[in-house]
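These notes are about the structure you will find just below.
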Amino acid sequence: MNVSRRKFFKICAGGMAGTTVAALGFMPGMAIANVREYKLLRSKETRNTCTYCSVGCGLLIYSMGDGAMNAKSAIFHVEGDSDHPVNRGALCPKGGWSARLYPKRKSFTLS
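Quick note, my numbering runs 225 ahead of the 1-based positions in the sequence shown.
Okay, here's the thing in C-alpha coordinates:
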(Lines of atoms letter the chains of each structure in order from A and count residues from 1; the text may use other names and numbers.)
(Lines give C-alpha, C1' and ligand atoms only; values in the text may rest on other atoms or scores of the structure.)
Protein backbone atom coordinates (compact mmCIF):
# COMPACT_ATOMS: atom_id res chain seq x y z
CA MET A 1 0.00 0.00 0.00
CA ASN A 2 1.57 3.24 -1.17
CA VAL A 3 0.41 6.19 1.00
CA SER A 4 1.62 9.68 0.25
CA ARG A 5 2.25 12.24 2.95
CA ARG A 6 -0.86 14.23 1.98
CA LYS A 7 -3.07 11.14 2.09
CA PHE A 8 -1.62 10.16 5.48
CA PHE A 9 -2.57 13.57 6.95
CA LYS A 10 -6.08 13.30 5.48
CA ILE A 11 -6.53 9.89 7.08
CA CYS A 12 -5.27 11.17 10.46
CA ALA A 13 -7.52 14.26 10.33
CA GLY A 14 -10.53 12.11 9.45
CA GLY A 15 -9.77 9.76 12.32
CA MET A 16 -9.48 12.63 14.81
CA ALA A 17 -12.71 14.21 13.56
CA GLY A 18 -14.51 10.89 13.82
CA THR A 19 -13.25 10.34 17.35
CA THR A 20 -14.39 13.82 18.38
CA VAL A 21 -17.85 13.34 16.89
CA ALA A 22 -18.14 9.92 18.49
CA ALA A 23 -17.14 11.24 21.92
CA LEU A 24 -19.21 14.44 21.97
CA GLY A 25 -21.77 14.08 19.20
CA PHE A 26 -23.86 11.26 20.59
CA MET A 27 -24.27 12.64 24.12
CA PRO A 28 -24.40 16.47 24.02
CA GLY A 29 -26.22 16.53 27.37
CA MET A 30 -23.13 15.18 29.08
CA ALA A 31 -20.93 17.86 27.50
CA ILE A 32 -23.42 20.63 28.35
CA ALA A 33 -23.61 19.47 31.98
CA ASN A 34 -19.84 19.92 32.38
CA VAL A 35 -19.81 23.54 31.17
CA ARG A 36 -19.20 26.02 33.98
CA GLU A 37 -20.37 29.62 34.11
CA TYR A 38 -17.71 32.15 33.16
CA LYS A 39 -16.39 33.66 36.41
CA LEU A 40 -16.26 37.27 35.19
CA LEU A 41 -20.00 37.27 34.44
CA ARG A 42 -20.90 37.32 38.14
CA SER A 43 -18.22 39.82 39.14
CA LYS A 44 -18.22 43.58 39.64
CA GLU A 45 -15.82 45.64 37.52
CA THR A 46 -14.11 48.66 39.10
CA ARG A 47 -11.78 51.08 37.27
CA ASN A 48 -8.73 52.38 39.11
CA THR A 49 -5.23 53.75 38.55
CA CYS A 50 -2.02 51.86 39.31
CA THR A 51 0.15 53.70 41.83
CA TYR A 52 3.35 51.64 41.56
CA CYS A 53 5.14 54.20 39.37
CA SER A 54 4.44 57.72 38.16
CA VAL A 55 2.96 56.60 34.83
CA GLY A 56 -0.58 56.09 36.17
CA CYS A 57 -1.80 53.14 34.12
CA GLY A 58 -5.49 52.31 34.11
CA LEU A 59 -6.63 49.11 35.82
CA LEU A 60 -9.78 47.04 35.65
CA ILE A 61 -10.31 45.33 39.00
CA TYR A 62 -12.76 42.43 39.19
CA SER A 63 -14.23 41.58 42.57
CA MET A 64 -16.68 38.99 43.79
CA GLY A 65 -19.11 39.45 46.64
CA ASP A 66 -22.74 39.10 47.56
CA GLY A 67 -23.40 42.86 47.48
CA ALA A 68 -24.66 43.01 51.06
CA MET A 69 -24.39 46.22 53.05
CA ASN A 70 -21.01 46.61 54.86
CA ALA A 71 -19.69 43.44 53.19
CA LYS A 72 -16.26 43.51 51.56
CA SER A 73 -15.99 41.96 48.11
CA ALA A 74 -12.78 40.04 47.38
CA ILE A 75 -10.57 41.05 44.43
CA PHE A 76 -9.70 38.05 42.26
CA HIS A 77 -8.51 39.52 38.91
CA VAL A 78 -6.64 42.64 37.74
CA GLU A 79 -6.05 43.61 34.10
CA GLY A 80 -5.19 46.67 32.04
CA ASP A 81 -7.93 49.09 30.97
CA SER A 82 -8.05 49.17 27.16
CA ASP A 83 -9.96 52.49 27.20
CA HIS A 84 -7.35 54.28 29.34
CA PRO A 85 -5.29 56.78 27.28
CA VAL A 86 -1.99 56.11 29.08
CA ASN A 87 -1.52 52.35 28.81
CA ARG A 88 -4.28 51.27 26.36
CA GLY A 89 -4.71 47.90 28.07
CA ALA A 90 -1.07 47.03 28.70
CA LEU A 91 0.34 46.57 32.20
CA CYS A 92 3.84 46.13 33.54
CA PRO A 93 4.48 43.03 35.68
CA LYS A 94 4.25 45.04 38.90
CA GLY A 95 0.82 46.39 38.00
CA GLY A 96 -0.47 43.02 36.86
CA TRP A 97 0.64 41.22 40.00
CA SER A 98 -0.21 44.04 42.41
CA ALA A 99 -3.30 42.27 43.74
CA ARG A 100 -1.30 39.15 44.61
CA LEU A 101 2.14 40.27 45.74
CA TYR A 102 1.69 43.27 48.01
CA PRO A 103 1.02 41.96 51.56
CA LYS A 104 -0.67 45.12 52.89
CA ARG A 105 -2.85 45.68 49.84
CA LYS A 106 -6.55 46.35 49.87
CA SER A 107 -8.17 43.00 49.25
CA PHE A 108 -11.59 44.56 48.65
CA THR A 109 -13.04 47.41 46.63
CA LEU A 110 -14.01 50.68 48.29
CA SER A 111 -17.28 51.18 46.41
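All C-beta atoms in this analysis are idealised placements derived from N, C-alpha and C, irrespective of residue type, glycine included.
Below 8 Å on the Cβ atoms is my guess for residue i versus residue j; work out the distance and round it to an integer in Å.
i    : j    : result
C282 : V311 : 6 Å
Quick check on DSSP: helix, strand or coil for residue i?
i    : result
R231 : helix
K269 : strand
G274 : Sequence inspection shows Thr at residue 274; the Gly mentioned does not correspond to that position. It is a strand residue.
A258 : helix
G320 : helix
G314 : coil
Check this for me: beta carbons of residue i and residue j, under 7 Å apart or not?
i    : j    : result
N273 : I257 : no
C275 : G314 : no
S298 : S288 : yes
Practice task
Write down every uninterrupted run of the beta strand (DSSP E) in the segment 280 to 311 whose length is 3 residues or greater and which is fully enclosed by it, in chain order.
Solution key: 283 to 289 and 299 to 305
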